[in-house]
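One structure is given below, encoded as C-alpha cells.
In our numbering, the protein residues as written are 25 to 365.
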C-alpha cells in the first residue's frame, strides 16, 4: 500500500452505486489507497479538511461540500480533485482556484463530458417530441373523444432536412451535433469561443445569436449558467424564431428570460420544451403549467445508465493519467474560471 497514491473518496455509497460499475469500483480499490466516506451522509467542508492530510487526490461528487482553504493546507501534495459529477462551481470558489489550485498546478477533473451524452440524447428526443407534438396528441386522445387535434400538420417542418440552431458548442452541444448527423440538418452554432477551424471540422456554420434565431427552424440551448449568459435569450431573439418553431432548453433556466418566453409561448406561435426553469421547480401556479404548447420535464435530461457509468470510467482514468503525468481528459481550464460551466 505504501507505493499507492492516497485518495480521499468523499462520496456516499449511493453515489458510488450510481456512477461506478462494480468492475470499475473494484479497480479503484485495487489501484489506489482509497479512504472512503463511511459516515452514511455527505461530508461537511470541515470533515473533508480533517480527512485530507497526506492525500494525493480527492474524489468528489453530487452533494460534496465546498472545498475550503484548510483542505489544501492539510494536503500539500494534492495533485488532483476528481469531480465525479458535473459543474465544479458549487465545489470550488474563484478564490480557492486563484489561491491554491492555479499556483500549485492542481488538476481539476469534471465528468461533465459523460453527463453530456445523456443530456444530448434527451435534447434530441425533446426536439422530436415537441416539434411533433406527441405529448399534446397523447393528452388529447386520453382527455377527449376526438382523434386528431388542430395541432396536426401533415406538412410540418420537422427534424429531417431542417435548420437547427445550437446555442453553445459546449460538451453537450457537440454531442448534439454528432447525434444530428443522420438527420440531414443544416446546423448553425452560436458560441463566441468556437473557432472557425473547429466549426469547419464539425461541419457547422458559426453565426451570431440573432442570426441563429432568425434562420433556424428549431433551437436547442446548451449554454452554461454564467453572469455573461444570464437572460441571453430574450424578447429580441424569440421574436426572430419562425412561426411553428421549437425551442428546447436542457442547460440552465437562467439563460432564458422567462417573462419574455411566457409572452411568446402564450401566443402559441412557438413550441417549447423546458427541462430547466427559473425558478426551479416552477411554482404550482406558474402560467407555464397551463400552456399545452409548453412541455416541462423536472430537470431529468442528464439521467441515464450510459452517461452515469461513463462518469465512473472517466474518473478512474483521470486519476490514472494524472498520477502518471499524462494529460487528463476532462481537465477543467481553471485559468478560465469565469467562463466554465
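Heads up, the beta-carbon is just placed ideally off N, CA and C, and yes, glycines get one too.
Between residue 354 and residue 137, the C-beta gap is smaller than 8 Å, which places the two residues in contact.
In this structure, DSSP gives residue 109 a state outside helix and strand, which the three-state scheme calls coil.
Relative to residue 69, the option among 289, 54, 117 whose CA is nearest is 117. When the Cα atoms are used, residue 186 and residue 221 turn out to be separated by approximately 24 Å. Note that the C-beta distance between residue 190 and residue 213 is below 8 Å. In the three-state reduction of the DSSP assignment, residue 80 falls in the coil class, being assigned neither a helical nor a strand state.
Within the stretch 327–359, the complete alpha helix (DSSP H) runs of at least 4 residues fall at 329–347.
With contacts defined by Cβ atoms closer than 8 Å, residue 348 and residue 317 do not form a contacting pair.
Taking a C-beta distance under 8 Å as the contact criterion, residue 194 and residue 299 do not qualify as a contact pair. Residue 145 carries a helical assignment under DSSP once its states are collapsed to helix, strand and coil.
Using a Cβ distance threshold of 8 Å, residue 108 and residue 364 do not count as a contacting pair. Residue range 46–55 is occupied by the alpha helix (DSSP H) that includes residue 50.
Residue state for residue 30 is assigned as strand, using DSSP reduced to three classes. Using a C-beta cut-off of 8 Å, the stretch 162–179 makes no contact with the stretch 223–235, since fewer than three inter-stretch Cβ pairs fall below that distance.
The alpha helix (DSSP H) runs of length 4 or more contained entirely in the stretch 245–324 are, from start to end of the chain, 259–264, 282–290. A Cβ-Cβ contact shorter than 8 Å links residue 266 with residue 241. Look at residue 71 here: in three-state DSSP terms it is helix. A Cβ-Cβ distance of about 41 Å is found for the pair residue 154 and residue 346, leaving them out of contact under the 8 Å criterion. Rounded to the nearest whole angstrom, the C-alpha separation of residue 314 and residue 332 is 33 Å.
Apart from sequence neighbours up to five positions away, the residues of its chain that approach residue 141 with a beta-carbon distance below 7 Å are 199, 330, 331, 334, ordered along the chain. In this structure, residue 121 keeps its C-beta atom at 8 Å or more from the C-beta atom of residue 98. The Cβ atoms of residue 236 and residue 262 do not sit closer than 8 Å to each other.
Short of 6 Å from the beta carbon of residue 325, and not among the five residues preceding or following it, lie these beta carbons of its own chain, in chain order: 143, 146, 274, 299.
In this structure, DSSP gives residue 190 an extended state, which the three-state scheme calls strand. Residue 162 and residue 119 have their alpha carbons spaced roughly 51 Å apart.
Here the C-alpha atom of residue 125 lies approximately 9 Å from the C-alpha atom of residue 105. Between residue 341 and residue 278, the alpha-carbon positions lie close to 33 Å from each other. The alpha-carbon separation between residue 184 and residue 246 amounts to approximately 21 Å. Distance from the CA of residue 44 to the CA of residue 344, rounded to the nearest whole angstrom, comes to 16 Å.
Pairing residue 244 with residue 188 gives a Cβ-Cβ distance under 8 Å. Counting every other CB atom within 10 Å of its CB across the protein chains shown gives residue 327 a total below 16, marking it as exposed. In this structure, residue 84 lies away from residue 61, with their beta-carbon atoms at least 8 Å apart.
Following the DSSP letters along the chain, one finds residue 131 inside the beta strand (DSSP E) bounded by residues 131–134. In the three-state reduction of the DSSP assignment, residue 232 falls in the coil class. When only Cα atoms are considered, residue 223 and residue 66 end up about 41 Å apart.
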